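Chemist: Sharing a structure below in structure tokens format, with a few things to ask.
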Amino acid sequence: MPQVSTQEFERLPLRVHTFLAGERLHDAWSIDLPRWRAGVTLDDFLRTASNCLFTPSRLVRMLLDIRFFIGRFFGWDRVPAPTAWKTFATRLTDADRSRSLAAAGSRDGFFRVVYRFENEQLVELINRTVHAAALSTLVETATAYRFYLGVYVRSVSRFTPFYMALIDPFRKAIVYPSILRGVRTRWDQAFGTG
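Using the numbering used here, read the sequence shown as starting at 1 and increasing by one per residue.
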């Protein structure tokens, strides 16, 4: 479950590259999925998996519980005043809105949907530590599918770089590999031949 280069990720024909132009791609990850059948889109996968691409492992849930406990204590998870931030959804064009399969602002776990196209979904999280966006996409090849996860980070304060440096080892060693294994499990459940 490799972290992929910025160049590989940016070569993908995705709306996000122009949509979030100027925002920092923090990192990108991928996992190859078996090609049980042709023509599966990210939207097919989301619908088949009940809009849940993975279930967090026990260790990831424990890390999230610790993070949310600390966040409540320090007030990190309160959304800043609307004058202090703008959702990425304000960048949506009329064409983006008509193409999106989910309404901007609708909840998706801890995140809010910015857009969901047939093969590309962008969600965001805004709090007092970070304004983050996560891009998911599914690319079909001749022999497999490749699921990509791209993470964008915008600073909301001087604390953001410190916060990201603090959580990076956990994200890279535990959280993202667990998420990608969970995606693989859901994929096999949804499309595997048994």
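Think of the CB as a built atom: it goes at the ideal place given N, C-alpha and C, for glycine as much as any other residue.
No experiment lies behind these values; they were computed from the predicted model shown.
#1: Can you give the Cα-Cα distance for residue 46 and residue 188, rounded to whole angstroms?
#2: With three or more C-beta pairs closer than 8 angstroms as the rule, is the region 144-157 touching the region 14-28?
#3: Measuring alpha carbon to alpha carbon, tell me which residue in 104, 58 and 118 is nearest residue 179.
#4: Could you name each continuous alpha helix (DSSP H) segment of 4 residues or more that falls completely within the region 114-171, going from the start of the chain to the end?
#5: Mapping DSSP to helix, strand and coil, what is residue 25?
#6: Determine, using beta-carbon pairs with one atom in the region 122-131 and one in the region 82-99, whether at least three such pairs fall under 8 angstroms.
#7: Residues in the same chain with beta-carbon distance under 8 angstroms from residue 201, minus the five sequence neighbours each way, listed in chain order, please.
#8: Quick check on residue 9: does DSSP put it in helix, strand or coil?
#9: Does the distance from the CB of residue 139 to the CB of residue 12 come in under 8 angstroms?
#10: Would residue 8 be called buried (16 or more neighbouring beta carbons within 10 Å of its own) or exposed?
#11: Within its chain, find whatever has a CB closer than 8 angstroms to the CB of residue 103; leave out the 5 residues flanking it on each side and keep chain order.
#12: From residue 21 to residue 38, what does the alpha carbon distance come to, in whole angstroms?
#13: Check residue 98 in the structure and name its three-state DSSP category.
#14: Among 51, 18 and 19, which has the Cα closest to the Cα of residue 186?
#15: Within a Cβ cutoff of 7 angstroms, which residues of the same chain sit near residue 34, ignoring the five residues on either side of it in sequence?
#16: Taking all protein chains shown into account, decide if residue 194 is buried (16 or more other Cβ within 10 angstroms of its Cβ) or exposed.
#17: Who are the near neighbours of residue 125 in its chain, counting only those whose CB is closer than 7 angstroms to its CB and skipping five residues on each side?
Modeler: Judging by the given coordinates:
#1: Approximately 13 angstroms, taken between the alpha carbons.
#2: For the pair of segments examined, the region 14-28 was found to touch the region 144-157: the number of CB pairs separated by less than 8 angstroms reaches three.
#3: 58
#4: Runs of the alpha helix (DSSP H) inside the region 114-171: 159-170.
#5: strand
#6: yes
#7: The chain is shown from 1 up to 194; residue 201 falls before or after that span and cannot be answered.
#8: helix
#9: yes
#10: exposed
#11: For residue 103, where only same-chain residues beyond five positions count, the Cβ hits under 8 angstroms are 113.
#12: Each residue's alpha carbon lies about 32 angstroms from the other.
#13: Three-state DSSP puts residue 98 in a helix.
#14: 51
#15: 144
#16: Low per-residue confidence applies at residue 194: pLDDT is 48, beneath 50, and the placement is therefore not dependable enough to give any value.
#17: 110, 111 and 132
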